[in-house]
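First to last, the protein sequences are chains G and W.
Remember, this note's numbering sits 62 above the position in the first sequence when you count from 1.
Remember, this note's numbering sits 62 above the position in the second sequence when you count from 1.
Ideal Cβ placement from N, Cα and C applies to all residues, glycine included.
Before any comments, here is the structure.
There are 2 protein chains.
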Amino acid sequence: MSRDYEAIGIEEVRAAHQRISSHIHRTPILTSSTLDTAFGCQVFFKCENFQKSGAFKVRGAFNALLSLPTEEQARGIVTSSSGNQAAAVSLAARALGVDAYIAMPKIALQSKVAAVERYGGNIIWVESKGQVPTSEEYDATAEAIRDRTGANLVHPYDDLRTIAGQATCALELLEDCPALEVVLVPVGGGGLLSGTCLSAAALAPAARVIGCEPEMADDAQKSLRLGEIVPQTDPRTIADGLRTSLGELTFPIIARHVDDIVTVSEEAILMAMRHVWETMKIIIEPSAAVPVAALLEGLVPADAGKVGVILSGGNVDLDSLPF
Amino acid sequence: MSRDYEAIGIEEVRAAHQRISSHIHRTPILTSSTLDTAFGCQVFFKCENFQKSGAFKVRGAFNALLSLPTEEQARGIVTSSSGNQAAAVSLAARALGVDAYIAMPKIALQSKVAAVERYGGNIIWVESKGQVPTSEEYDATAEAIRDRTGANLVHPYDDLRTIAGQATCALELLEDCPALEVVLVPVGGGGLLSGTCLSAAALAPAARVIGCEPEMADDAQKSLRLGEIVPQTDPRTIADGLRTSLGELTFPIIARHVDDIVTVSEEAILMAMRHVWETMKIIIEPSAAVPVAALLEGLVPADAGKVGVILSGGNVDLDSLPF
């Protein structure tokens, strides 16, 4: 394990940032005095809901594609995703004029399916025994597409190119707000969290990085406590981006660097989401509300001071809002 | 008529801006390449939905209050409003430690009533014969409160202090985007539109200022065409901020300076609102969607080039969304 995560550091993150920065938005950091008062700390919201495709995932998608030699790029790209990764890879592939093949679950949000179609991605439905496909079922479908098309497989989180890409989000956040004492990040497969760990370790080693996940999908907390990957089974959370298990590459980075992983209730996720919509007038998806829910539930140290929160995405179905 | 509007110019707008700027946000200007492609022009969205109280109205509210001598300020402030003005005046009064009295219609959105209560404003319900109070009914209630409390009456739009305050929004927009060729503004009572006219006349005289209103409340277009104020009766539009009639002070400024007033359907307002939510991940209220609907309906010249849009507010009831 150690070999793989030692293979990536802040140099790779900076190289990724240079590679992708003309293709992505440097998203703004918003603040809200109302929320600061409510939470008792000063919060800096990194708005990846404003990112291209509506989520941070384009960072990893572009980095993975642009890391390939030109002749490999031309063969296209395959990935698996419940939604945001799907749209991100489709967008990146279209921008570079190559094909995207996406293994998606049948339960994906309609808005996320529509985004893939809008960006011209080819959807292949994942066959699954349960309602939510397992990581193995996702991977099997993606590998079958790769074998059939010759396109390049890029894992949605367990890929060093993906991790380095996602790490550029915290890189920007810490460049813009170097004095952060805590950084809160949602954790699903761990791509964003492991990337944040890498950037924070180099740029703000004193900052505490805290992963935030739903109680109903608390595999990352269990994995951290047990010291090995505990797969997520039957996740029933509304945070549709956080239902996956940690990966062989993301877990060791997280285990080494993260300060804590906290879990939040479904009620807190909904309340936090609504709070951000009403107060900040911005649209965030349930997964992005998870770190805000951690603040709402008082899970962050009272003396936190300056807290960075990565609002990971803003893709929701307006036709079926949870409130 | 001419006497009154000649009494205010860009000097008053600049003075207002200086007076209020420590109390308000200089709101960001956002762009969207997706919407630019959809509309065929380059659109600069001035995000007053991010303004304190969730709407531009605090500009006029602070300017009116801060224009008063200190001993007058202490007697408090009275206004009438369907919602955003109510919250804005309550917020400004609280910031300065004085009382606010608000004449509100019983049909005001629950979220707007809650905002007034949150800011400590005192609500007095307007007695009305119809479902929506007339301007006369609003004014009568506000005047009765003034007589009873001794507080200072500030009209929500037909007051030079209010107009100068609202004009600071376009002042900022045109300072940040001096090359705008068209500025689109929603029009209800005309405070924002008349203020925009004043700032544009001084800062960007070549820019076309276009007022945008619902077909279902098209009194401003009728007034402009007839050359005199046509009161709005029974407005049935979802754009709850645009149901009022023009005022004796706002009308002549608009009549002199505005380039056109266009109207949009209820369907276009809803579609535009949804489009902005989904594409830009920001929450705008129906009134703010009206200028976007004008773009959607192709009512803006095809060679418009750089178009400024004032997104006037973002206060909606999440429990009763129109989609």
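DSSP, reduced to helix, strand and coil, places G/Val292 outside both helices and strands of the structure shown, so it counts as coil.
For the stretch 101 to 126 of chain G, residues whose beta-carbon sits nearer than 7 Å to a beta-carbon of chain W comprise Asn111, Phe112, Gly116. At the C-beta level, W/Cys103 and W/Val369 come within 8 Å of one another. Sequence-distant partners of W/Arg305 (beyond 5 residues in either direction) whose C-beta falls short of 8 Å from its own C-beta, in its chain, are Ser144, Val194, Gly250, Ala279, Gln294, Pro297, Thr299. Residue burial is scored here from C-beta neighbours: G/Thr93 has fewer than 16 other C-beta atoms within 10 angstroms and is therefore classed as exposed.
CA-CA distance, G/Gly138 to W/Leu235, rounds to 43 Å. At a cut-off of 8 Å, the C-beta of W/Glu340 has a neighbouring C-beta in chain G.
Bridge partners of G/Trp187 according to DSSP: G/Met166. G/Val338 and W/Val378 have their C-alpha atoms spaced approximately 13 Å apart.
Check the Cα spacing between G/Leu361 and each of G/Val271, G/Arg180, G/Thr258, G/Ala149: the tightest is with G/Val271.
In terms of beta-carbon proximity, G/Leu380 lines the interface with chain W, with at least one pair separated by less than 8 Å.
If you check each beta-carbon in the stretch 150 to 171 of chain G against every beta-carbon of chain W, none falls closer than 9 Å.
Taking a contact to require three or more Cβ pairs closer than 8 Å, the stretch 258 to 265 of chain G and the stretch 144 to 164 of chain G do not qualify as touching. In the DSSP annotation of this structure, the continuous segment of the alpha helix (DSSP H) that includes W/Val338 starts and ends at 328 to 342. Where G/Leu246 is concerned, the enclosing beta strand (DSSP E) starts and stops at 244 to 248. Residues of chain W with a Cβ closer than 9 Å to the Cβ of G/Arg336 are, in chain order, Leu380. Boundaries of the beta strand (DSSP E) around G/Ser142: 139 to 142. Of all C-beta pairs linking the stretch 169 to 178 of chain G to the stretch 213 to 220 of chain G, fewer than three are shorter than 8 Å, placing the two stretches out of contact. Its Cα nearest to that of G/Ile346, the residue G/Phe118 stands out among G/Phe118, G/Pro363, G/Ala126, G/Phe101. Collapsing the DSSP output to three states places W/Asp221 in coil. Cβ proximity to chain W below 8 Å picks out Gly376, Leu380, Asp381 from the stretch 356 to 381 of chain G. Contact check for G/Ser256 against G/Ile225 passes: the beta carbons are separated by less than 8 Å. Where W/Pro276 is concerned, the enclosing beta strand (DSSP E) starts and stops at 270 to 276.
For G/Leu373, the uninterrupted beta strand (DSSP E) run begins and ends at 368 to 373, by DSSP. Not flagged as an interface residue toward chain G: W/Ile86, since no C-beta distance is shorter than 8 Å.
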